[in-house]
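Novice: After the structure tokens below, expect a handful of questions from me.
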Amino acid sequence: MTDKDQQTDEIWQSYIEKGHVIKSVNRGGELTLSGNYKADIKYLNGILPKDDVDNIRQKFKTFKYRIKKETTTIAINKKTLDKLKTAASLNGINLKEDGYDLLFEMLLSTRTDDYIEGSQQLSELPSVLNAESYLALRLRTDIKPGRYKAWLEMIDWVFEQGLASRSELKGKIKNKQLLDELLKFKSKIS
């Protein structure tokens, strides 16, 4: 047995243990598989329709590729994808050749020479976030961490001052309502 076959068998065993074979054929009951990929495919060819075995093989091939290449799938809104494509285009990144990894590395970089070009143009593209979520995100990401904490402390202080003023004016808004609003706001920006 070659190292490649052994690696395939190990990944196949993991695939079996995760229940992917059973899910692929939509059969109740147990399939007795040995963990040897070639032997198991031969066994499955004898008990399942060819389409089911082909389906298992294709899904396993994808599973194996993702394990070996350490890749995963993320789901994002189409508008966000359009923004990523625009950012890539503005920065000379060929997504077909470079993939999204280079773009994400550039976006996540703390080095000033890696900052992305065209940020003004990108900020004008539509966002999938509602206005409130977008503002909370901007507050969290545009302010340096030390300053962000100071902003939160200032928000608390301003709220306390408003609460004290309200008490003096004997307003109609209940303290509990104000506190709930503050907690709701802080949960969005923390």
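So the sequence shown is residues 26 to 215, counted in the numbering used here.
Cβ atoms here follow ideal geometry from the backbone N, Cα and C, with glycine treated the same way.
1) Quick one: what's got a C-beta closer than 6 Å to Trp-37's C-beta in the same chain, skipping five residues either side?
2) If you drop the 5 nearest sequence neighbours on each side, which residues of the same chain put their C-beta closer than 7 Å to that of Ile-47?
3) Closest by CA to Phe-210, which one among Leu-177, Ile-81, Gly-187?
4) Of the residues Thr-97, Asn-70, Ser-59, which one's Cα is nearest the Cα of Val-50?
5) Determine, using beta-carbon pairs with one atom in the stretch 27-41 and one in the stretch 86-94, whether at least three such pairs fall under 8 Å.
6) Can you tell me the Cα-Cα spacing of Met-131 and Lys-104, whole angstroms?
7) Please name the residue in Ile-99, Ala-100, Leu-128, Leu-58 whose C-alpha comes closest to that of Lys-110.
8) Suppose you measure from the CA of Arg-82 to the CA of Gly-117; what does that come to, to the nearest Å?
9) Within the same chain, show all residues whose beta-carbon is closer than 6 Å to that of Asp-76, passing over the 5 residues directly before and after it, in chain order.
10) Ordered along the chain, which non-local residues of its own chain (more than five positions away) have a Cβ less than 7 Å from that of Lys-84?
11) Tell me the rounded alpha-carbon separation between Ala-181 and Leu-208.
12) Going along the chain, which residues of its own chain have a beta-carbon closer than 7 Å to the beta-carbon of Ser-59, five neighbours each way excluded?
Specialist: Short version:
1) Tyr-62
2) Leu-56
3) Leu-177
4) Asn-70
5) yes
6) 20 Å
7) Leu-128
8) 37 Å
9) none
10) His-45, Ser-49
11) A small fix is needed here, since residue 181 is Asp in this sequence, not Ala. Those two C-alpha atoms are separated by around 10 Å.
12) Asp-65
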